[in-house]
Amino acid sequence: MQNCKWNGEVFDCCKYFVPLDTELGTCYAINSKQTRDAGAPRLEMISNKDTGPGTLYLELFGNANVFIIGEQEVPSLTTLQTDILQVTPHIHFYRLIAINELTTLQTDILQVTPHIHFYRLIAINEIDNQPEVKYVNVAQRNCRFMEENEGIDVYRYYSYSTCCVQCKETVASWKKMKASMKMAQLKTCGCVHHLTPRTPYEMQCTIEGLECLNDNYNNIFKINVSFAAYEMQCTIEGLECLNDNYNNLAVLKASWSNRSGLVCECLPSCTELEIELVRDIKTGIHEEYAIVEISLDRLPSERFKRNVIKGKLDLVVSMGGTAGLFIGASILSFVEILYYFFIRPFNDYLIRRKQDGDKQSMGRESSIILVKSAKK
């Protein structure tokens, strides 16, 4: 990769494109929250009325796949082919896309080869969440925020793609996992693909394991999760097992479907983008590298907004208004009830107890005075 530009301004490719571990192997991503280095530098890629729609320009050597995804998403086997730019040398590829806030997987990848100029135009729509949305139950809002990554150990932040990587079948409880890609591989083949995240070396598949995974590809879903611990990665036998069960491991299916595959009940992210492909332009070039240009077709003109219609405070206010309308009660009335039935009786009890104590002490003092008088 060389000659990286954002809106015509050159930036250091090696500084901003940093390693990202995925189930497809090691990728290099810019401005991703899921990169190997949590403190990786971020490039300001701003598109507004002053700068206009932004354009990313890259020159790539050799064949490559370019994924166009959100900052919390990761490349995976579930990413559809229309989301990939397949880049080859001697081709100039130009793509226009429109972005809406629910990732359209088919528009995320460019397969790049030398001698081609790829130009893609895109458009983006965002989702804005009211602050109160975070306090609504996940089952009610039907989405998860990036920080709500409970049960995800392959990546730092939650997204639909990271959930699919660590796929779970349980809908009722997020913490109770019936099966994940990693567990499905272990259950089926006794090992895990060597690209699976955080997989110990002794759990990695050998050739036999890869063959098993290949045979069961459809039932175990697309494996190769990132951040695999070395001791869990497949040996040669494990790789053979994975290869044999490939169809049972790499196909995602609906819960009601009878075909082979893995059921993943993953919620969408509350903040993920929807990327819409507008146009692709591909032209041949004489250079020994491929040129990729990804440009916004237009600035976003609309935004989806997720609001809380009635929160807990609204419920309290509504109940108070109903009580005031039908029984003439208010918050002060409830305070008075507490006062008359609990606070005031307890206070009266303390006063009476104090008065009884004062009377007893006065009686003892009178007796002492009488005794002293008699002695005199």
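Once you know that position 17 of the sequence shown is 1078 in my numbering, the rest is easy, because the numbers rise by one and skip nothing.
No residue lacks a Cβ here, since even glycine has one placed at the ideal position from N, Cα and C.
Member of the options whose CA lies at the smallest distance from the CA of residue i
i	options	result
Met1062	Gly1270, Cys1074 and Glu1070	Cys1074
Asn1198	Leu1328, Asp1098 and Glu1348	Leu1328
Glu1357	Leu1182, Gly1270, Asn1068 and Val1173	Reading the sequence as shown, one finds Leu at residue 1357 and not Glu. Here the closest residue by C-alpha is Leu1182.
Val1215	Glu1084, Cys1088, Tyr1278 and Asn1319	Glu1084
Glu1105	Glu1070, Trp1317 and Phe1402	Glu1070
Glu1509	Trp1317, Phe1395 and Tyr1350	In the structure displayed, the chain extends from 1062 to 1437; residue 1509 sits before or after that span and is not available.
CB-CB length for residue i against residue j, believed under 8 Å
i	j	result
Thr1344	His1176	Contact flag wrong, Cβ pair sits at about 10 Å.
Ile1355	Ile1346	Contact doesn't hold; Cβ gap of about 17 Å is too wide.
Asn1186	Pro1361	6 Å
Cys1204	Cys1325	Actually they are not in contact, since the Cβ atoms of Cys1204 and Cys1325 sit about 15 Å apart, beyond 8 Å.
Arg1367	Gln1227	With 8 Å as the limit, Arg1367 and Gln1227 do not qualify as a contact, their Cβ atoms being about 25 Å apart.
Ile1129	Ile1336	6 Å
Leu1460	Glu1301	This structure gives no information on residue 1460, because the portion of the chain shown stretches from 1062 to 1437.
Cys1252	Gly1212	Wrong, their Cβ atoms sit about 22 Å apart, outside the cutoff.
Leu1334	Gly1123	So it is not a contact: roughly 29 Å between Cβ atoms.
Cys1250	Cys1225	About 20 Å; that fails the 8 Å criterion.
N-terminal and C-terminal residue of the beta strand (DSSP E) that residue i is part of
i	result
Val1194	First-last for Val1194: undefined, no H or E at that position.
Val1079	Phe1078 to Thr1083
Val1199	Here Val1199 belongs to no beta strand (DSSP E); instead the alpha helix (DSSP H) covers Val1199 to Arg1202.
Asn1126	Ala1125 to Phe1128
Asp1341	Glu1335 to Gly1345
Thr1087	Gly1086 to Ile1091
Leu1256	That residue, Leu1256, is in no beta strand (DSSP E); it is neither H nor E in DSSP.
Ile1268	Looking at the DSSP string, Ile1268 is not in any beta strand (DSSP E); the run it does join, the alpha helix (DSSP H), is Ile1268 to Asp1276.
Met1264	Pro1261 to Gln1265
Arg1367	Arg1364 to Arg1367
Cys1065	Gln1063 to Trp1067
Leu1116	Residue identity check: residue 1116 is Thr in the sequence provided, not Leu. Run containing Thr1116: Thr1116 to Leu1121, per the beta strand (DSSP E) assignment.
Ile1352	Ala1351 to Leu1357
Glu1070	Glu1070 to Phe1072
Residues near residue i by beta carbon distance below 6 Å, same chain, minus five either side
i	result
Ile1297	Thr1267 and Ile1268
Lys1066	Tyr1118
Ala1200	none
Phe1407	none
Arg1364	Glu1187 and Asp1189
Ser1222	Glu1134, Val1135 and Ser1137
Ile1430	For Ile1430, the pLDDT reaches just 48, beneath the cut-off of 50, and the residue's location in the model is therefore unreliable, although a value from the coordinates is still provided. Same-chain partners within the cutoff: there are none.
Beta-carbon contacts of residue i that lie in its chain and below 7 Å, excluding the five residues immediately before and after
i	result
Arg1359	Pro1114 and Ala1184
Pro1442	Outside the displayed span of the chain (1062 to 1437) sits residue 1442, for which this structure offers no information.
Asn1068	Thr1112, Gly1115 and Thr1116
Val1369	Gln1191, Glu1193, Val1194 and Val1197
Pro1080	Thr1087, Tyr1089, Thr1096 and Arg1097
Ser1394	none
For residue i, the first and last residue of its enclosing alpha helix (DSSP H)
i	result
Glu1132	Neither: Glu1132 is in no alpha helix (DSSP H) and is coded neither H nor E.
Tyr1056	The requested residue 1056 does not occur in the structure, where the chain is confined to residues 1062 to 1437.
8 Å Cβ cutoff, residue i in contact with chain B
i	result
Tyr1219	The structure shown contains no chain B; it holds only a single protein chain.
Contacting residues, own chain, Cβ-Cβ under 8 Å from residue i (five flanking each side not counted)
i	result
Lys1371	Ser1379
Arg1202	Val1194, Cys1331 and Arg1367
Tyr1218	Lys1094, Gln1095, Gln1133, Met1207, Glu1208 and Asn1210
Phe1072	Cys1065, Lys1066 and Leu1104
Ala1099	Arg1217
The segment 1091-1100 / the segment 1126-1138 touching (three or more Cβ pairs under 8 Å): yes
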